[in-house]
Amino acid sequence: MRKYDCIGDVRGMGMMIGVEFVTDKASRKEDPELRERVETACFERGLIVLGCGPNSIRWSPPLILTTENVDVALEIFDAAVAAAVAGD
114 MRKYDCIGDV RGMGMMIGVE FVTDKASRKE DPELRERVET ACFERGLIVL GCGPNSIRWS
174 PPLILTTENV DVALEIFDAA VAAAVAGD
C-alpha cells in the first residue's frame with residue numbers, strides 16, 4: 114500500500130484480504146479500470162485473483178500454503194500492479 118498511490122486500502126480478516134484500487138489516495142475515487150488491468154496482468158503471470166466490488170481485488174488463498182507460495186504470489190502481484198499502472 115505504501116509503494117503504490119493507486120492502492121487506497123488493504124483490509125481483511127485472516128488470509129482473506131481485499132486490496133482497493135483508487136485514482137489517488139487523497140480523493141479515494143474508485144478505479145475499476147485499473148482493477149481490471151491488475152486482475153488481467155496477474156492472470157497472465159500465473160496468479161488468479163478475484164475481483165470484488167467495483168474496484169477491489171480479493172485474496173483468498175488455499176488453506177495449505179507455504180511461505181514460498183506467498184512470496185511468489187506477492188512478487189507476481191507487485192509486477193502486475195506496476196505493469197497496470199504503467200499501461201503495459
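The sequence shown begins at 114 in my numbering and counts up one residue at a time. We put the beta carbon where it would ideally sit given N, CA and C, even for glycine. These numbers were taken from a predicted model, which means no experiment stands behind them.
Exercise for review: Return the CA-CA distance between P145 and E133, expressed in angstroms with no decimal places.
Suggested key: 9 angstroms
Check your understanding: In chain order, what residues of the same chain lie with their CB nearer than 8 angstroms to the CB of V198, ignoring the 5 residues before and after it?
Key -> Y117, C119 and L147
Check your understanding: Whose CA, out of C155, T136, P167 and E143, lies closest to the CA of D201?
Key -> C155
Practice item. Would you kindly check if the distance between the Cβ of S173 and the Cβ of G131 is under 7 angstroms? Key: no
Point to revise | Alpha-carbon to alpha-carbon, V123 and M137 | key: The sequence shown places Asp at residue 137, rather than the Met named in the question. Straight-line Cα distance between these residues: approximately 14 angstroms.
Check your understanding: Taking M129 as the reference, which of E143, C165, E149 and A139 has the closest Cα?
Key -> C165
Check your understanding: Between R158 and the rest of its own chain, which residues show a CB-CB distance below 7 angstroms, the 5 nearest in sequence each way excluded?
Key -> I189, A192 and A193
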